[in-house]
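Okay, structure first, notes after.
There are 2 protein chains.
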Amino acid sequence: MSYFVRVNMSEGTVKFEEVPEKYRTLGGRGLTSAIVCDEVPATCHPLGPNNKVVFAPGMVTGTAAPCSGRISVGGKSPLTGGIKEANAGTPAAQSLARLGIKAIIVEGMPREKGSFYLLRLSKDGGQLEPAGDLVGLGMYEFAGRIKAKYGDVDFVACGPAGEKLLSMAGVCFNDKDDRPSRYAGRGGLGAVMGSKGLKGIVIDSFGAPGVQVVDPDLFKTGQRKLVEALREHGVTKPGGTLNTYGTAALINVLNEAGGLPTRNFSAGRFDGAGKIAGETIAEIISQRKGKGTTGHPCHPGCIIQCGNVWARPDGSEHVSCLEYESVWALGANCGIDDIDAVAELVWICNDAGLDTIEAGVTLGVAMEAGLIEFGDAQGAINLLKECAKGTPLGHIIGHGAAFTGRAFGVTRVPTVKGQGMPAYEPRAVKGIGITYMTSTMGADHTAGYTIAPEILAVGGKADPLSPEGKAELSRNYQATTAFVDSTGYCLFITFALLDIPTGMEGMVETVNGVLGTNWSTADVLEIGKEILKRERAFNEAAGLGKAHDRPPEFMRYEPLPPHNSVYDVPDEELDKVFGELR
Amino acid sequence: MSYFVRVNMSEGTVKFEEVPEKYRTLGGRGLTSAIVCDEVPATCHPLGPNNKVVFAPGMVTGTAAPCSGRISVGGKSPLTGGIKEANAGTPAAQSLARLGIKAIIVEGMPREKGSFYLLRLSKDGGQLEPAGDLVGLGMYEFAGRIKAKYGDVDFVACGPAGEKLLSMAGVCFNDKDDRPSRYAGRGGLGAVMGSKGLKGIVIDSFGAPGVQVVDPDLFKTGQRKLVEALREHGVTKPGGTLNTYGTAALINVLNEAGGLPTRNFSAGRFDGAGKIAGETIAEIISQRKGKGTTGHPCHPGCIIQCGNVWARPDGSEHVSCLEYESVWALGANCGIDDIDAVAELVWICNDAGLDTIEAGVTLGVAMEAGLIEFGDAQGAINLLKECAKGTPLGHIIGHGAAFTGRAFGVTRVPTVKGQGMPAYEPRAVKGIGITYMTSTMGADHTAGYTIAPEILAVGGKADPLSPEGKAELSRNYQATTAFVDSTGYCLFITFALLDIPTGMEGMVETVNGVLGTNWSTADVLEIGKEILKRERAFNEAAGLGKAHDRPPEFMRYEPLPPHNSVYDVPDEELDKVFGELR
């Protein structure tokens with residue numbers, strides 16, 4: 129038996145509802161987006177009573193499928209003004225799934241303005257309890273208090289940034305060691321939680337019935353194929369690139385390609401890249417010994433294990449984890465090459481409840497505006513700390529790059545639909561630019577990671593500097609991703625799936641095994657397209673049309689060194705991506 | 129002979145160009161909008177090199193036609209993201225027209241970032257000169273320096289707010305006594321000037337050839353009819369409502385109607401209305417004697433003379449002028465009933481270069497956010513002063529109500545397309561709401577002033593609380609206004625024209641007389657519709673579609689006392705307004 133948990137903050141009620149038949153075969157992003165489209169008026173105020181925040185583990189989350197511990201969070205984004213899905217890998221996803229909870233839908237507003245509550249879920253049901261004592265705490269303190277009070281539980285929470293309704297507030301989940309380090313970071317859904325007065329969710333999965341698997345044999349067959357593919361592919365295998373160096377292995381790769389956005393997207397190469405690269409990170413962790421570690425999984429059952437725990441020079445634990453995006457955003461993009469300073473910036477984000485990507489892009493814009501100098505690590509630390517303090521400056525920075533750019537009249541603002549661009553320069557990698565421009569999510573690399581063929585020679589090979597054929601490439605990647613984001617699998621399994629067809633089969637078989645569906649690998653694309661179509665309809669109704677599927681203007685006229693290329697994918701080509709889906 | 133003056137800030141050039149034939153019969157708004165649509169890419173950054181700021185006196189400006197000293201300023205708005213025209217009545221408009229200058233088009237960006245220039249225009253031509261010594265000055269100091277240095281000239285300028293690229297920076301013009309008090313306030317065009325490094329324009333009209341009138345007899349006939357109508361109508365005649373009490377006569381009227389937005393649009397009646405009403409203002413001015421005066425014209429040749437000069441208790445001059453919108457915005461909307469404090473707030477706006485409407489709406493939102501209490505006059509004064517200082521708080525407040533609302537997570541934000549609503553509550557006066565929602569300009573009462581029949585029984589009578597027939601009403605008012613805004617006439621002449629058909633004829637005859645056109649009164653509507661159609665096409669290309677023709681969500685569910693009505697004009701009705709023009 130599986131449920132929707134409907135939490136009404138206005139009434140203070142928690143109801144377990146039967147899952148309507150039309151939602152039965154949905155999960156993750158497919159489910160959060162369907163619920164948001166069905167229940168949230170597109171033109172509502174993102175922080176008002178008519179928005180909702182929805183949490184949904186993936187289709188196979190909670191099973192023994194490898195790397196499947198992801199959960200989607202959905203709602204109308206305060207950052208983009210459009211639909212939003214952000215996901216994270218966390219044991220909390222697995223616990224919810226094992227409790228039979230297919231989605232949590234949070235609606236309404238707290239009766240008393242500014243009051244906060246904790247939702248507690250277990251096999252015995254759910255209830256809201258006052259959480260005033262947890263308000264204003266940093267997330268590390270929060271995590272400690274939860275552990276002390278509730279013992280062996282998982283959690284979801286918004287940090288001080290979310291409480292303060294800042295648009296770059298992410299949704300925080302615990303990692304396997306109870307750190308507040310796994311974020312569904314993008315799009316400000318932490319602020320939507322904050323607006324609802326939902327400080328967090330505490331999940332006790334003791335005695336949970338587990339996920340019902342309709343066809344266990346099929347599931348096992350698929351699982352085996354998938355595991356084999358992951359263990360075979362150079363990127364995903366134990367001892368492979370991700371496992372050994374973490375995602376920050378990409379720093380050197382992108383720097384080499386001239387596509388590592390540097391000093392607020394003013395160059396594609398960073399002279400300090402080597403000092404913050406994955407190889408360097410792994411080496412330093414190994415040298416410092418102590419609490420640092422590479423090959424750290426974000427949830428049990430992950431066999432890729434791309435995470436890490438960073439240690440201070442004295443070996444004490446500093447922060448988990450130094451991912452590519454965070455290291456780039458708070459490093460290269462700010463002209464900062466001091467990896468310990470970058471780690472501290474990541475820690476501040478984790479503690480305040482901020483999206484590291486948006487934080488780094490915002491700091492870059494603030495540097496462009498002259499608030500601090502590029503490369504000023506201590507200045508960046510001070511600036512970022514303003515967010516949790518709630519100062520006027522924190523109320524600027526905390527709303528992200530587009531907002532900060534507007535505040536200070538900056539024209540070089542690397543955002544699409546108000547969301548800061550991730551760590552791939554569109555002027556140097558044309559296909560990923562198409563994903564940024566046309567994704568329903570605003571600038572988002574995970575929405576259609578064409579970097580695979582454009583840079584990594586995974587899933588074929590495409591010239592990064594050529595716009596040729598990239599509209600179709602991005603469309604297919606975006607559709608496939610919409611499916612994968614619904615399964616609960618980590619997107620990184622696709623590295624293996626793109627090159628190893630049996631892996632793709634395996635993934636679909638595990639899904640069919642759990643749900644009793646009969647999908648083929650070809651259906652993946654079609655199901656993904658349906659999700660995108662729904663999301664785009666929401667965005668159009670919300671006022672995001674063609675004019676919002678565009679690069680920031682400066683990328684059209686400012687050539688990017690070292691290739692000195694502008695963003696030359698024509699508007700017509702951008703409109704082709706979803707022309708057929710409109 | 130008439131000219132376009134094309135000022136290229138990148139090249140430092142000032143060129144006089146022949147007016148292309150297609151622009152010959154345009155003026156004011158019709159001309160600024162045509163040039164913006166033809167020359168500015170709709171998706172450009174409003175503060176980037178591809179936006180332009182255009183100044184155009186009206187068709188009959190500079191002639192002896194009564195109340196015709198208005199000038200339009202156009203560009204892409206940093207506040208709304210759409211096309212913008214704002215206009216003001218000022219001798220500067222008349223001087224430009226008499227110099228034969230049909231439009232000034234300012235383009236490019238200053239070569240040196242942050243540098244500022246003054247454009248000097250006279251019968252002998254034009255040139256740019258460095259204006260570094262004027263940067264950072266308040267507008268009163270600026271006006272004094274200009275007078276001291278250049279003598280009997282007129283000016284256009286942006287204040288410190290414009291230099292700082294704040295979205296609520298207006299464009300300032302001198303009044304007939306050299307005060308920096310006449311503003312094309314709305315939509316942040318002062319910031320566009322600032323981004324171009326154009327501190328101001330100094331206009332010496334000595335020896336100007338004057339406006340060429342194609343058919344002087346027809347012009348005189350029309351002029352006579354128009355003057356007669358203005359002298360006959362109760363609202364516009366000497367000793368009539370506007371002349372005696374100024375526009376703030378509306379305070380009591382709207383308060384009575386329950387449509388005076390109070391304390392950030394949370395009520396439609398203000399208990400302190402009587403203390404800030406036009407009648408009270410006139411009485412105090414008369415009591416205090418000294419420098420205060422009512423019946424003050426904004427430019428020579430105005431026979432309505434609705435302005436005033438406010439004096440301090442000791443009779444010394446304080447500020448000009450206490451208009452309805454300013455008094456409402458900085459008074460009732462902030463819960464402030466101290467008229468001297470309101471006058472000081474208006475002075476701060478004039479000095480910093482801020483739009484008083486946006487300033488008042490923004491202060492209301494800031495009060496809602498809890499930054500200061502409603503009614504705290506000194507707090508409001510302090511807060512508004514932040515804008516010119518350039519503090520982080522000033523960089524929030526200075527970007528207007530929508531931006532401030534976003535910064536602090538406020539859901540009761542009375543804006544449309546990012547622009548603050550003026551002094552008429554849509555929930556109490558449904559037709560003006562339609563204008564707010566559907567105007568190309570964002571929330572703007574002057575764009576289609578249905579208050580005339582809804583509240584003032586001018587031009588017929590319509591029930592303010594009924595949505596019935598209001599789509600058509602608003603459409604017709606918007607189209608007529610687009611024409612009037614092109615003529616150079618003050619919109620207030622329409623009070624007389626709506627009730628006195630010969631006045632309308634007279635207006636059209638003066639236009640035909642000047643331009644040699646052969647338009648009928650019926651053409652007014654059609655010409656206006658063409659202007660709107662063009663403006664809407666720009667907005668659509670800029671990303672402003674149906675979803676942006678909507679009320680702020682809270683007005684849909686929050687009933688407004690005393691009528692306890694929500695905004696109940698359906699979306700479909702809003703879409704009907706321009707359905708035919710799309």
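Going line by line, the protein sequences match chains A and B.
To convert, take the position in the first sequence, counting from 1, and add 128; that gives the working numbering.
To convert, take the position in the second sequence, counting from 1, and add 128; that gives the working numbering.
In this text, a Cβ means the ideal position worked out from N, Cα and C, and glycines have one as well.
Everything numeric in this text was worked out from a predicted model, so none of it was measured.
Since residue i and residue j are thought to touch, with beta carbons under 8 Å apart, how far apart are those beta carbons, to the nearest angstrom?
{"i": "Pro219 (chain B)", "j": "Pro428 (chain B)", "result": "6 Å"}
{"i": "His446 (chain A)", "j": "Ala471 (chain A)", "result": "5 Å"}
{"i": "Val363 (chain B)", "j": "Phe623 (chain B)", "result": "4 Å"}
{"i": "Glu451 (chain A)", "j": "Thr375 (chain A)", "result": "5 Å"}
{"i": "Ser196 (chain B)", "j": "Ala336 (chain B)", "result": "About 16 Å; that fails the 8 Å criterion."}
{"i": "Gly325 (chain B)", "j": "Ser243 (chain B)", "result": "5 Å"}
{"i": "Gly210 (chain A)", "j": "Ala535 (chain A)", "result": "Actually they are not in contact, since the Cβ atoms of Gly210 (chain A) and Ala535 (chain A) sit about 22 Å apart, beyond 8 Å."}
{"i": "Ile431 (chain A)", "j": "Gly420 (chain A)", "result": "Not quite, the Cβ-Cβ distance comes to about 21 Å (not below 8 Å), so this is no contact."}
{"i": "Cys381 (chain A)", "j": "Ile560 (chain A)", "result": "Residue identity differs from the one stated: residue 381 (chain A) is Val in this sequence, not Cys. The Cβ separation is near 13 Å, so there is no contact."}
{"i": "Gly186 (chain A)", "j": "Gly217 (chain A)", "result": "With 8 Å as the limit, Gly186 (chain A) and Gly217 (chain A) do not qualify as a contact, their Cβ atoms being about 10 Å apart."}
{"i": "Ile232 (chain A)", "j": "Val135 (chain A)", "result": "6 Å"}
{"i": "Pro595 (chain A)", "j": "Lys589 (chain A)", "result": "16 Å between Cβ atoms; not a contact."}
May I ask you to list the residues that DSSP assigns as paired with residue i?
{"i": "Thr437 (chain B)", "result": "The displayed chain sequence assigns Val, not Thr, to residue 437 (chain B). For Val437 (chain B), which the question treats as bridged, DSSP gives the partners B:Thr421."}
{"i": "Arg134 (chain A)", "result": "A:Lys143 and A:Ile233"}
{"i": "Val557 (chain A)", "result": "DSSP output for Val557 (chain A) lists no bridge partner at all."}
{"i": "Tyr311 (chain B)", "result": "B:Cys300"}
{"i": "Tyr731 (chain B)", "result": "Outside the shown range of chain B (129 to 710) lies residue 731 (chain B), about which nothing can therefore be said."}
{"i": "Leu256 (chain B)", "result": "B:Leu247"}
{"i": "Phe283 (chain A)", "result": "A:Val330"}
{"i": "Gln547 (chain B)", "result": "B:Val544"}
{"i": "Ala184 (chain A)", "result": "A:Ser200"}
{"i": "Ala447 (chain B)", "result": "Ala is not the amino acid found at residue 447 (chain B); the sequence shown has Val there. Beta-bridge pairing links Val447 (chain B) to B:Trp438."}
{"i": "Ser693 (chain B)", "result": "B:Leu688"}
Answer yes or no: do residue i and residue j have a C-beta to C-beta separation smaller than 8 Å?
{"i": "Cys172 (chain B)", "j": "Arg662 (chain B)", "result": "no"}
{"i": "Met267 (chain B)", "j": "Ser323 (chain B)", "result": "no"}
{"i": "Glu553 (chain B)", "j": "Phe706 (chain B)", "result": "no"}
{"i": "Ile404 (chain B)", "j": "Gly459 (chain B)", "result": "yes"}
{"i": "Thr490 (chain A)", "j": "Ala529 (chain A)", "result": "yes"}
{"i": "Ala571 (chain A)", "j": "His691 (chain A)", "result": "no"}
{"i": "Met635 (chain A)", "j": "Ile655 (chain A)", "result": "no"}
{"i": "Gln415 (chain A)", "j": "Ala193 (chain A)", "result": "no"}
{"i": "Glu712 (chain B)", "j": "Thr160 (chain B)", "result": "Because residue 712 (chain B) is not part of the residues shown, which for chain B are 129 to 710, the question remains open."}
{"i": "Ile485 (chain B)", "j": "Arg307 (chain B)", "result": "no"}
{"i": "Asn302 (chain A)", "j": "Asp282 (chain A)", "result": "yes"}
{"i": "Arg397 (chain A)", "j": "Met565 (chain A)", "result": "no"}
{"i": "Cys462 (chain B)", "j": "Met495 (chain B)", "result": "yes"}
{"i": "Val330 (chain B)", "j": "Leu317 (chain B)", "result": "no"}
Open item on the list: By the 9 Å beta-carbon criterion, what residues does the stretch 363-376 of chain A contribute toward chain B?
Closed with: none
- [ ] Could you name the residues of the stretch 553-568 of chain A whose beta carbon sits closer than 8 Å to any beta carbon of chain B, in the order they occur along the chain?
- [x] none
TODO: Using a Cβ-Cβ cut-off of less than 7 Å, give me the residues of the stretch 661-675 of chain B that come near chain A, in sequence order.
DONE: Ala669, Ala670, Gly671, Gly673 and Ala675
Task: Members of the stretch 184-200 of chain A that neighbour chain B once the beta carbon cut-off is set at 9 Å - done: none
Task: beta strand (DSSP E) runs wholly inside the stretch 198-224 of chain B, at least 3 long, in chain order - done: 198-204 and 211-217
Open item on the list: Output needed in chain order: residues of the stretch 506-528 of chain B with a Cβ under 8 Å from some Cβ in chain A.
Closed with: Thr519, Pro520, Leu521, His523, Ile524 and His527
TODO: Return the residues of the stretch 315-339 of chain B that lie within a Cβ-Cβ distance of less than 9 Å from chain A, sorted by chain order.
DONE: Ala319, Gly322 and Ser323
Task: Segments of 3+ residues assigned as beta strand (DSSP E) that fall wholly inside the stretch 302-377 of chain B - done: 308-312 and 326-331
TODO: Please list the segments of the alpha helix (DSSP H) lying wholly inside the stretch 462-542 of chain B, counting only runs of 4 or more residues, in order along the chain.
DONE: 467-480, 484-496, 505-517, 520-525 and 528-535
Task: Residue ranges of each alpha helix (DSSP H) within the stretch 386-410 of chain B, 4 or longer - done: 401-404
- [ ] Return the chain-ordered ranges of every alpha helix (DSSP H) run that is complete within the stretch 565-600 of chain B and spans a minimum of 4 residues.
- [x] 579-583
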